[in-house]
Every structure is written in structure tokens, then in C-alpha cells.
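Step one of this worksheet: look at the structure below.
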Amino acid sequence: MKFAFKFSNLIGTVYRKGNLLFTPDGNTVVTPVGNRLSFFDLRNNKSETLPIESRYNFTAVDIAPSGYLFIAINETGEALLCSLVSRTVLHRHHFRKPVACVKFSPNGKYFAVTKDNAVFVYRTPGHTRREYVPFALERVITTAYDETTCIEWSSDSRLLAVGSKDMSVKVFALHRMTNFAMVTLGSHSDVIVNCFFDKDSADLYTLSRNGQLCVWEANCELADFVSAQNKKASKEDKLGDEDDLAEGGVTAESDITAEHNVLPEEIDDEPKLNESKDTFEVFVWSLQTGRLLDVLAGHQSCVSGLSFGPGAESVLVSSSWDKTCRIWNLFAEKGGGREALPLAADGLAVQFRPDGQEFAVATLDGAIVFFEPRSSTQVGSIEGRQDLASGRRDTDLITAKRLTRSQAFTALCYTADGECILAAGRSKFVCIYHVREQLLLKKFEISCNHSLDGIDDFVSRRKMTEFGNMALVEEREAAQEAALSLPGVKKGDLSSRGFKPEVRVSGVCFSPTGRSWAAVTTEGVLVYSLDQSLVFDPFELEQNVTPATIRAAAKEKDYARAITTAFRLNEDALTTEVVESVPPESVELVARSLPQVYVEKLLAFLGGRLESTTHVQFYVEWIDSLLRQHGEALKERSGKAMATLRTLLKNVTLRHAELAKVCDHNKYLLRYVETLRELKERKGEKGEADDADKEADDAMSSDVDSEDMLVS
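Residues 1 to 712 in full-length UniProt numbering are what the sequence shown spells out, letter by letter.
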């Protein structure tokens, strides 16, 4: 199995702090999500999180008008200049102070940054010429009496409006002008939030924190810049903490009054599990009828984990804090528990292997214990406490090394083939173990965000005093702005004036295909996937296996040898070239002559390519021929080929749905065109009939006129 997983996306969390902006084409929204940046494609309904990570949360972001560069600045003032083409960091610059706003000029030559009571204007690197210094300072503007909060450029990039906490907005010229001097715009009674120039005009809109909007017209002399008496306050609708979102679902009714902890596990969409915190029982509900099916009693403490076994046997395994795990047969008898298996410590999580022949239990002593469900015997164990290294939190009084002794896994998941297991807990690490060898294969660090608690392994001794950690001391604002929370409140910041979330992983899950896995973390749902373009994994590589020999075999029309040799080199681009060089009429013959060891590899390759290829029919013919020629052999080893078959099913279903939409659109469009043609023909026939009637009437009238002339 390959373990070169890379971060691919962040889902679940769409915004944390900072400013929102659109890309220059207007189709994508850019949002800072903690120490990462997410792009939401509004046209295609897709989201993407860049593989760029900062040490602290981002607070200010802007994109260059060209759409190729962007600047992101975090809480400490560290700026990252990144490329949207290569998705990499080009340069890092530290401003040493917090930055409230950053803005590119409309012509893309400059960008401005607020810091303290000044504005720093830099030249955009690489805009007009190659420069050795990435951030070349152009000008420093210092006239505000308090911290600057916002920046806005005019459409010609010659004027710069700067708002600050001194309740005023100042308009500057980037370069000296003979007929323009700095202009100060007041009349606000609170901190300036933002300001906006009108398009192709010097008219300015300024907005303060109390909702006051001022419109400044520049259609007169500069000395006559006055407020347009447009100061009506625009109140905001603030979404309170009491607002809830209602969702549709199934309501299950019973007379049980115990407190419940829901664990959504199911078999064929039928039962739903529910564990009780008070009575230590497991409740089984029917999702179709909403009725209580069974109550499984036997545990002496809180039930911490539940897992269904795959297959039709309806086997359920539960773990508990009473140092036991129990195996239940749901449909055998009322409360059909087989046996209670003793554990060395409290059980925290349990997970079945995909084939149902084994299950794993995570215990409080940091171990993962493996059992065989049929014989109820232990078949192995992994001691992973030292691997789940925890950082030191601000409230901890002991070192991170001693904290490791109390670490344990709280989330487990087997890989698709069942050979490895994914484990995580109250730590920033996710571990992958080989079950049979009981070895740690790889550790993934899910975050390096120092805005979270528990990231650092050590705390600076300069912060440690006889009264505790100085990081817990709050730096309050001015006395008139400080809003103190009362002790015991359950809303807002939980009575603590500064809340720092702790990094942890509460759940992990592998995809059915085994090519990606997800982790539920403090920052959201992190998705890690395999990038085949970065993985070189040859198979039975020999000296004569080269791209030249592979292309030569394809040119000689020895397609079976070319395909098998291409899989031995295992380069996707070369394999695609060889497979697509096979004539459609020879596909079935080549599929019949392939050895069994390469059939599954070719199916996995076809399933991956089917997702993005334009030769849909050609690849479907390949898949159909392979399944018809080697279906019996694949059925015998269906357990190992399950991930490949699931990938095929997923991608074939997706392409079928896409083509169905296109076909339906074309079908209804053709019906519409045909209906228009029929209407036009009917209209033409009716017009011809009207013309014939008109000609007949004209002929009759001419005959009458001639008769009248003869009579006269």
C-alpha cells in the first residue's frame, strides 16, 4: 500500500477570521480558514484549499488584478507572497507588527499595507521588471493619530484612501501632484471600518463601526470637499447564538428518559445505534419505522464505542469504560451478547476490519488491541502511546514528555485492504500502523497552526513565572471598550476573555477506494489523498524496461506486451499512451491475453482515468472486456480487488450521470426544434391556404367587374 498522502482539501469550515474577496473573474470567493486559504468556485460548485499553511491564522488577504499572485498576512505580521499557478510560496516577509489590511492597486504595480499608524506602499514583484528584492518599498505614509484600519485605491491607482481608528479618512496621492494635497475627511463618530472609491471617479464612501455611512462627492474644487449629508445609519442584522438550523429527519419515540450519546452506525440502512450515558445500555432503533428494536445491557460503565461487522451476520462490538468489550448478535435473540472480552484498561474506541474477520479496540493505556470475533481471542496489540506525542498546552503544569504518558487513541479506522490501521487522538498527529507487523509506518502532522493550543512541545521559560504561564494573561483593550463576561456563562467565550481552541482529532475514516482518508479535527475535516504524479512505484523493474522498448512494442502492435511492460515501469503518462494506442476492435483480444497479475492493475488504472478522460466509450469497452474475460478470477479474490471495483463503480456512475444530463438536454432540445418546425409548417400551410382564398376572391371580384362593364 502507498502512503505518500498529501493534503488535498479542507471541508466543513468555510471561514474563521480575516477579509473575504472575489477573484478578478468574479467566479470564485477566497476565504481565510484559520492558517489556510479556501477557494469556492461558485460556477462549478466546487471548493479547494491550497496546500499552503502559515504558523498563525490569516487576517488579511488580497489577490493581484492579474489573478496570478496573492498576499496573505497572519496575526503576527508574517506575509506570504504566493503563486496561484504553482500553488507555492514565493517569498516570506515579516512586518513585525499586526497588519489590518493589504490591497493591490488596480494596475497591479503596487500594493499597500497598514501597520501601526502608517501605510507602507511596495512595488509588486515581477510586474514590470525582474528585481532581486521581492518587497521593494516605494513610499511610507504617516499622518494618522491612531492605528490605520483600511485602504482603498482609486480606479486609476493614483489616489489612496486610508481609514484609521482616529475616526477620520485621509486621501493621499501616491506621487506628488501640483494641484492635489492630502485631504482629511472627518464627521464620523466611531472607528472607520472601510472606505470605497466609486468606479472611474474620485467619489468616496466611508463606513464606520457604528453603521454610519458618509458619501463624499468630488465633482467640485478640492477645498469644497464636504459631506453629502448622507449619514443615515445602516443597522446590521447580527446572527445571535440562539439561532438554530432545522433539518429534516426521522423522529424515534419511546419512554426512555436516559441521556443519550448518538453514534450513527447502520447496516443496510436499517438499524441505528444509540448509547446511553446514564444506564450504560445500547439502544438499537429502526431508521425506517423510528421504533426501538432492542436494548443491549451488560456494561457497567459508559459505552465509548460501537462498530457493526460487515456482512449479513449482524454482529455488533461495543467498548466501554468498564475495561471490557462485548460482542452482540442483534438478530439472534433478545439482548444476544456472546461474550465479554476483558481489556487491560478502559476501552475508548472500536472498529471492525472491512472483511469482518478482525476488530480493533483502543484502550486508555495507549494500546490498540486486535481480536478475532469468531473465536473471541486476542491476535495482537500495538503500543502507540509514544507515537501519539502531545504538545504542551498553556494550562499544563507538566512537560509534554510527561503528558505523553497519559495519551491514548480515541479514533480508529482500517484501510480498505485491512492490512493497516489509522489511529488518532488528543494530538496533532495521525498514525498509520501495519497490523500484522505491529509497526508504525508513517505519522501525519495535521497542523502547524500556533493559534491553536497544544502545538508547541516546549514553553519558553521567559513566559513561566511563579504565578503561571504569562500566555494566559489577557491583554485588554481600553477601559471604555472592555466588555467583561460574568463567571458561569454558557454563551460566547465561556467567561474567558481569550479562548484558544486545542488541537485534536476526534475521528478518522478511509475512503472505500483507499486513495484518500479524512480526519475530523479542530480546524475542520482535513482530506489527504494520493497524488500519482508524485509517486514512482515500479513493479518487477528490469534493465530492459524503458519507455523506448514500450513504445517499440506498441508500434509493432504487440499491445499486450506493451501494456504489461508499461505497468512494470508504472508511469501514468506512458501507460495512458500505450492503452489509448490499442485499436477499439483489438481491445477484447488484448484483454483476453493479459496475465492475471496485470488485470487488477489495468482495472485500477482505467477506473482512475475514466474520471477525467474524454474517451468514455473506449475506456468503458476496456472495462467491459476485462470483466467479461476475467470476471470469475476477480470474483475469487474479491476481497483484495474490492477497492478497485468500488473505484470503477463510482467513476462509471458519475460519468453515466454526466452523460445522462447531456443526452436529456439534447433530447428535449431536439423535441423543441421539431415542434418549432411543425408549427412553422402548419403556419406555412395556413398562409398558403389564405393566399389561395385571397386569389380566388380577387378572381371573382375581377369577373364581377368585367360583367358590369359588359352590361354598361
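From the three backbone atoms N, C-alpha and C, an ideal C-beta is built for every residue, glycine too.
Subject >> Candidates Ser451, Leu207, Val597 and Ala202, of which the one nearest Ala218 by Cα >> reply: Just measuring C-alpha positions, the residue of Ser451, Leu207, Val597 and Ala202 sitting nearest Ala218 is Ala202.
Original post:
What residue ranges within the stretch 354-383 form continuous beta strand (DSSP E) runs of no fewer than 3 residues, ordered along the chain?
Top reply: 359-363, 367-372 and 377-383
Original post:
Among residues of its own chain, excluding the 5 on either side of Lys601, which ones have a beta-carbon nearer than 7 angstroms to its beta-carbon?
Top reply: Phe567
Original post:
Skipping 5 residues on each side, what residues in its chain have a beta carbon closer than 8 angstroms to that of Pro310?
Top reply: Phe352, Pro354, Asp355 and Gly356
Subject >> Residue from Leu441, Ala118, Thr28 and Thr415 whose Cα sits closest to the Cα of residue 728 >> reply: The requested residue 728 does not occur in the structure, where the chain is confined to residues 1 to 712.
Subject >> C-beta contact flag for Met167 and Ser105 at 9 angstroms >> reply: no
Original post:
By DSSP, does Leu42 sit in helix, in strand, or in coil?
Top reply: Coil at Leu42, not helix or strand.
Original post:
Between which two residues does the beta strand (DSSP E) containing Thr184 stretch?
Top reply: Its beta strand (DSSP E) spans residues Val183 to Leu185.
**OP:** Return the residue from the list Gly126, Phe58 and Cys82 that minimises the CA-CA distance to Ile73.
**Re:** Comparing alpha-carbon positions, the option among Gly126, Phe58 and Cys82 lying closest to Ile73 turns out to be Phe58.
Subject >> Among Ser612, Ser447, Pro65 and Ser154, the one whose alpha carbon lies nearest that of Leu204 >> reply: Ser154
Original post:
Closest to Ile368 by CA distance: which of Ala411, Ser406 and Lys401 is it?
Top reply: Ala411
**OP:** Quick one: measure Cβ to Cβ for Val303 and Val282, integer angstroms, because I've assumed they're closer than 8 angstroms.
**Re:** With 8 angstroms as the limit, Val303 and Val282 qualify as a contact, their Cβ atoms being about 6 angstroms apart.
**OP:** Can you have a look at Ala100 and say buried or exposed, based on whether 16 or more other CB atoms are within 10 angstroms of its CB?
**Re:** Answer is buried; the Cβ neighbour count reaches 16.
Original post:
Where Cys413 and Thr521 are concerned, what is the direct C-alpha to C-alpha distance, given to the nearest angstrom?
Top reply: 15 angstroms
Original post:
Roughly how many angstroms separate the alpha carbons of Glu674 and Arg682, rounded to a whole number?
Top reply: Whole-angstrom Cα-Cα distance: 12 angstroms.
Original post:
CB-CB under 7 angstroms to Ala60, same chain, minus the five flanking residues each way: which ones, in chain order?
Top reply: Gly18, Asn19, Ile73, Val99, Ala100, Cys101 and Val102
**OP:** Would you tell me roughly how many angstroms separate the C-alpha atoms of Ser529 and Leu422, rounded to the nearest one?
**Re:** 14 angstroms
**OP:** Can you give me the start and stop residues for the alpha helix (DSSP H) that Phe618 sits inside?
**Re:** Val616 to Glu636
Original post:
Who are Asn9's beta bridge partners in DSSP?
Top reply: Asn9 is bridged by DSSP to Val527.
Original post:
Whose CA, out of Val435, Leu293 and Thr142, lies closest to the CA of Thr114?
Top reply: Thr142
Original post:
Tell me which same chain residues have a C-beta within less than 8 angstroms of the C-beta of Leu610, skipping the five on either side of it?
Top reply: If we look at Leu610 and ignore the five residues flanking it on each side, its Cβ neighbours are Val616, Tyr619, Val620, Ile623, Leu648, Asn651, Val652 and Arg655.
Original post:
How do the stretch 36-52 and the stretch 85-100 stand: do at least 3 beta-carbon pairs fall below 8 angstroms, yes or no?
Top reply: yes
**OP:** Figure out for me which residue from Asp572, Ser38 and Phe510 has the closest Cα to the Cα of Thr13.
**Re:** Ser38
Original post:
Would you say the stretch 662-680 touches the stretch 630-637, given that touching needs at least three Cβ pairs under 8 angstroms?
Top reply: no
Original post:
Mind checking Glu685: buried by the 16 CB within 10 Å criterion, or exposed?
Top reply: exposed
Original post:
Is the beta carbon of Val185 less than 9 angstroms from the beta carbon of Leu174?
Top reply: Correcting the residue identity first, residue 185 is Leu in this sequence and not Val. The answer is no: Cβ separation not under 9 angstroms.
Subject >> Counted within 10 angstroms of its Cβ, other Cβ atoms place His299 as buried (16 or more) or exposed >> reply: Around the Cβ of His299, a 10 Å sphere holds 16 or more other Cβ atoms; the residue is buried.
**OP:** Alpha carbon to alpha carbon, how far is Leu574 from Cys448? Give it in angstroms, no decimals.
**Re:** 37 angstroms
Original post:
Cα separation between residue 737 and Ser8?
Top reply: One cannot answer for residue 737 here, as it falls past the ends of the chain, which runs 1 to 712.
Subject >> Cβ-Cβ separation, Ser157 to Lys199 (assumed contact under 8 angstroms), whole Å >> reply: The pair is not a contact, with the Cβ atoms about 13 angstroms apart (cut-off 8 angstroms).
Subject >> Val191 versus Val30 - alpha carbon distance >> reply: Whole-angstrom Cα-Cα distance: 26 angstroms.
Subject >> For Leu306: DSSP bridge partner residues >> reply: Ser318
Original post:
Taking just the CA atoms, how far does Ser451 sit from Val121?
Top reply: 28 angstroms
Subject >> Alpha carbon of His665 to alpha carbon of Glu658, nearest angstrom >> reply: 11 angstroms
Original post:
Should Ala416 and Ser511 be called a contact, given that it needs their Cβ atoms to be closer than 9 angstroms?
Top reply: yes
**OP:** Pick helix, strand or coil for Lys17, following the three-state DSSP scheme.
**Re:** Of the three classes helix, strand and coil, the one that applies to Lys17 here is coil, per DSSP.
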